[in-house]
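Okay, so here's the structure we're looking at.
Protein chains: 2
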Amino acid sequence: MDAVKLEQGIAALRSLLGDRLSTGQSVRQQHGEDVSYHAPALPDAVAFARSTEEVRQIVRICAAHTLPIIPYGTGTSLEGHVMALEGGISIDLSGMDQIIEVNDADQDCRVQAGVTRKQLNQYLHDTGLFFPIDPGADASLGGMAATSASGTNAVRYGTMRDNVMGLTVVTADGRVIHTGGRARKSSAGYDLTRLFVGSEGTLGVITEVQLRLYGIPEAIASAVCSFDSLEGAVDSVIQTIQLGVPVARIELLDEVQMDAVNRYSSLDYPVSPTLFYEFHGSPAGVAEQSETVSEIAADNGGANFRWATKTEDRNHLWQARHDAYYAALALRPGAKGWPTDVCVPISRLAECILATKEDIRAEGLLAPIVGHVGDGNFHLVFVMDPADKDELARAERVNHRMIERTIRLGGTCTGEHGIGYGKIADLEAEKGDAIGLMRQIKQSLDPDNIMNPGKILRI
Amino acid sequence: MDAVKLEQGIAALRSLLGDRLSTGQSVRQQHGEDVSYHAPALPDAVAFARSTEEVRQIVRICAAHTLPIIPYGTGTSLEGHVMALEGGISIDLSGMDQIIEVNDADQDCRVQAGVTRKQLNQYLHDTGLFFPIDPGADASLGGMAATSASGTNAVRYGTMRDNVMGLTVVTADGRVIHTGGRARKSSAGYDLTRLFVGSEGTLGVITEVQLRLYGIPEAIASAVCSFDSLEGAVDSVIQTIQLGVPVARIELLDEVQMDAVNRYSSLDYPVSPTLFYEFHGSPAGVAEQSETVSEIAADNGGANFRWATKTEDRNHLWQARHDAYYAALALRPGAKGWPTDVCVPISRLAECILATKEDIRAEGLLAPIVGHVGDGNFHLVFVMDPADKDELARAERVNHRMIERTIRLGGTCTGEHGIGYGKIADLEAEKGDAIGLMRQIKQSLDPDNIMNPGKILRI
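Going down the list, the sequences are from chains A and B.
In terms of this note's numbering, the first sequence opens at residue 1 and continues consecutively.
In terms of this note's numbering, the second sequence opens at residue 1001 and continues consecutively.
This is the structure in structure tokens:
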């Protein structure tokens, strides 16, 4: 980056934004790191945008001065997506927090990119509608679209890819593009919406998101079941899905994670592979689903079924699941977490997890496993001392072997965390020649490589 | 196209394919037309491919001689997708009819592009699995992916966009690319799969398709209900979806279409707006869905509910729906059909249909309406004499106004038929500046514009 151009660009941005252009160290620091183990990389300045038009002007100034642009929502990504690897301008979209419209009859809404999922669901509360995608963090919906987020509900409601109907995007040359629309389906031209979903800011800045919504289910029930083997738990999931039971959530926690959850939340679940379920539907439908699933579980070595239908009990149960990450960290005071995820065809899930657990054991690491098991997606958290180079190297080996194994089993190097700059080599290993096509698209839409450079692809 | 290059290209293809390269008039004629009203446009030759490797060699020969390439499945598209507008080589993929693998536990399969949906479902019969997407015609799965097909089941099971997990594609420069994979979800890089789904052969030739499958439901029930108004029928659909009833099909036929169906199939349904339903699930679940829906219908002026749970009765009922097109044509012996479709937010559906019906009346046309109404998608069939220039002009006016209206109401110029060359101007009206982005992608992946030229975009 040219120092003179940088200075000129920042001056132009300051005259556009005034106080909303910050070069202060603490603001830059905050925008140069996510919640992962990746080292921070600070932008040269942070631009706080309030409208699509303002983002367009910011992008035009950056393009004119060839300055890198890094879109920033809540900074809760996990593979270094927001790190300013080559400096440049972080565009903070959190001030774009307007819910533009909610269409009850059509069950859709349009929001600015900075609206978070919890903000949206709070707003929707009285409409009887909700937005189901729940990646854990209270991420911005623009960021969730950009990273193709999903989470515990995806087995029933799909991922952001399935639930983003359209986008407003500012392209690298400062055009404002509207993709998709409000129709439930369309065969009209190339699917630009899904090209931008998961593009991690490398093709444009998402400023508005049109989303599908769902009716809040009449009845919700949850359950927890312990299994005497991981295979039994996974086989239960396979049979449940084969029978077409529309489970809303079906989460696996291994015995290491269950031990952590018990300690952290003062619970007394058996320390063995465990499934957490949630059922949505009519009261009769939920009762029927629950019964079917408990029978399947019993056939596969499941025991200690615990039901929860009251909101309070359900919340208690799921709080334990949602606290899994902090519970894992609490196993080793002072340690940091390195979360990583892969996704395999569900028939290979038990095999992939068991081989990975054997690797963790052999390398002497602490790494609880949780999984969105209905999708074949599971997460490791290496609970470690990042200053310990040897421990880091061992974790890297386990991660690398897990991804190799996943690809060999027909899976993908990340089910929901994305590539960022942490998994570029893994993406290349997985996709082979298709990387060339991604690179062609990137080069045609961002020839100067100013959009979040150093992420997804090596240019 | 250069005549010398064409001759050289055909010679090279003949030496590759022998008898499987045809320049005969009748074969060219057959490959230069679809089932729409669009005028045929013949390719210079038809290449019958048997493998991805063979397609790659054909594409390389065409690329070397700058010959247009038109992928051909079953020729059942509706907007001129297969017409060889600039001549060139039609690649017939119907010989690529191998079902490569079916994975029961994972509910997915991989097929060559020429496998048709009926062939796949026949093959799956004993596995308890099925592939739900049903556009009416027994189309090839490669063609269905290329055109982003959907149909009556989309309200529950989604479209091809939701059910294609991955593709093998031969690009314009003759590379073989594998997109997607067998994992149920992935955040790994740009979503090339969904870029190719719906690209209508303009970015590459699809040679293999990985598909999601579903368990055959334990119970299936169907029903027909007549309404005293179109608004009542549409409001029933809106309320059914708002309540989260997972209907598998919910189809609207207007009174003109019902009259046609009665005459064609010797039935005696009331000649009024009518909904055809199908419910999938457990026996108790189906019973509950049916009950809820019949109450909603009754609240909205629905009457004459007829149930069908026996396979034979259901087939009879749906046969009437599937024969709608032929029933429409039979209203006017000797006439041809011009089918067109649009898709609007469901809250605007009654308004859009009623205004369109008024237009049809004012222009003195015969055009029954059917709709995949759960998605807000409806179809007109202009039943007309295509030799009558005045009648054609009147139909064009109605179609044009319907699409204008649809776009104004937040909808899309085609829900499932695609753009082909029939709706290029409509796509431009709908997408605005996003067309520029589509063009950039097309130019970067197919700089010589040899892949199905003249479709989707004006280059």
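Don't be surprised by glycine CBs; every beta carbon is placed ideally from N, CA and C.
Closer than 8 Å to chain A by CB, residue i
| i | result |
| --- | --- |
| B:E1358 | no |
| B:Y1277 | no |
| B:C1352 | no |
| B:R950 | As displayed, chain B neither begins before 1001 nor continues past 1459, which places residue 950 of chain B out of reach and without an answer. |
| B:A1113 | no |
| B:R1161 | yes |
| B:A1284 | yes |
| B:L1437 | yes |
Minimum C-alpha distance to residue i - residue among the options
| i | options | result |
| --- | --- | --- |
| A:R361 | A:F382, A:S347, A:A350 | A:F382 |
| B:E1053 | B:S1186, B:L1317, B:I1206 | B:I1206 |
| B:S1236 | B:Q1443, B:A1287, B:E1295 | B:E1295 |
| A:D426 | A:K455, A:S444, A:S187 | A:K455 |
| A:R458 | A:S444, A:A434, A:Y421 | A:Y421 |
| A:Q257 | A:D268, A:D2, A:Y37, A:P273 | A:P273 |
| A:L167 | A:Q210, A:Q122, A:R401, A:L120 | A:Q210 |
| B:A1145 | B:L1013, B:V1169, B:Q1289 | B:V1169 |
| B:L1267 | B:L1275, B:L1317, B:G1285 | B:L1317 |
| A:G374 | A:I241, A:G75, A:G88, A:E430 | A:I241 |
| A:S77 | A:A149, A:A298, A:P132, A:A429 | A:A149 |
| A:I61 | A:G95, A:D433, A:L16, A:G75 | A:L16 |
| A:I58 | A:Q25, A:G204, A:N121 | A:G204 |
| B:N1121 | B:G1232, B:I1216, B:F1227, B:V1370 | B:I1216 |
| B:A1429 | A:S90, A:R175, A:G189, A:P447 | A:G189 |
| A:V176 | A:G301, A:E208, A:R184 | A:E208 |
Sequence-distant residues of the same chain with beta carbon closer than 6 Å to residue i, five excluded per side
| i | result |
| --- | --- |
| A:D134 | G151, T152, N153 |
Cutoff 8 Å: residue i Cβ touching any chain B Cβ
| i | result |
| --- | --- |
| A:R117 | no |
| A:P345 | yes |
| A:K336 | no |
| A:P217 | yes |
| A:K455 | no |
| A:A393 | no |
| A:Q57 | no |
| A:S290 | no |
| A:H178 | yes |
Contact under 8 Å by Cβ, residue i with residue j
| i | j | result |
| --- | --- | --- |
| B:Y1505 | B:I1238 | Nothing in the structure corresponds to residue 1505 of chain B, since chain B is present only between 1001 and 1459. |
| A:T147 | A:G198 | yes |
| A:G142 | A:M165 | no |
| B:I1419 | B:I1069 | no |
| B:L1042 | B:A1084 | yes |
| A:A105 | A:G73 | no |
| A:V245 | A:L349 | no |
| A:L460 | A:L230 | Because chain A in this structure spans residues 1 to 459, residue 460 of chain A falls outside the shown range and cannot be described. |
| A:H31 | A:V46 | yes |
| A:H125 | B:G1432 | no |
| B:C1225 | B:F1305 | yes |
| A:Y214 | A:Y157 | yes |
| B:V1293 | B:V1155 | no |
| B:A1049 | B:D1092 | yes |
| A:G88 | A:M160 | no |
| B:L1437 | A:T171 | yes |
Cβ neighbours of residue i in the same chain (closer than 7 Å, five flanking residues each side left out)
| i | result |
| --- | --- |
| B:K1118 | D1138 |
| B:R1314 | I1220, S1222, A1308 |
| A:A335 | L329, V383, M384, D385 |
| A:D341 | N377, F378, H379, T414, G415, E416, H417 |
Close-in-space but distant-in-sequence residues of the same chain around residue i (CB under 8 Å, 5 per side omitted)
| i | result |
| --- | --- |
| A:S265 | Q319, A320, D323, A327 |
| A:T406 | V342, C343, V344, C352, T412, C413 |
| A:I363 | One detail in the question is off: residue 363 of chain A reads as Glu in this sequence, not Ile. The answer, listed in chain order, is R394, A395, R397, V398. |
| B:K1005 | H1065, T1066, L1067 |
| A:G281 | P217, E218, A219, P246, Q289 |
Subject >> Where the region 131 to 151 of chain A meets chain B: residues whose CB sits under 7 Å from a CB there >> reply: T147, S148, S150
Subject >> Positions along the region 1372 to 1388 of chain B whose CB lies within less than 7 Å of some CB in chain A >> reply: D1375, G1376, N1377
**OP:** Output, in sequence order along the chain, the residues in the region 202 to 213 of chain A whose CB is closer than 7 Å to any CB in chain B.
**Re:** none
**OP:** Could you name the residues of the region 1404 to 1432 of chain B whose beta carbon sits closer than 9 Å to any beta carbon of chain A, in the order they occur along the chain?
**Re:** T1406, I1407, L1409, G1410, G1411, T1412, C1413, T1414, G1415, E1416, H1417, G1418, I1419, K1423, D1426, L1427, E1430, K1431, G1432
Subject >> Where the region 225 to 245 of chain A meets chain B: residues whose CB sits under 8 Å from a CB there >> reply: I238, I241, Q242, L243, G244
Subject >> Cβ-based contacts, 7 Å cut-off: residues of the region 1030 to 1051 of chain B near chain A >> reply: none
**OP:** Note down, in chain order, all residues in the region 180 to 191 of chain A with a beta-carbon under 7 Å from any beta-carbon belonging to chain B.
**Re:** G181, R182, A183, R184, K185, S186, S187, A188, G189, Y190, D191
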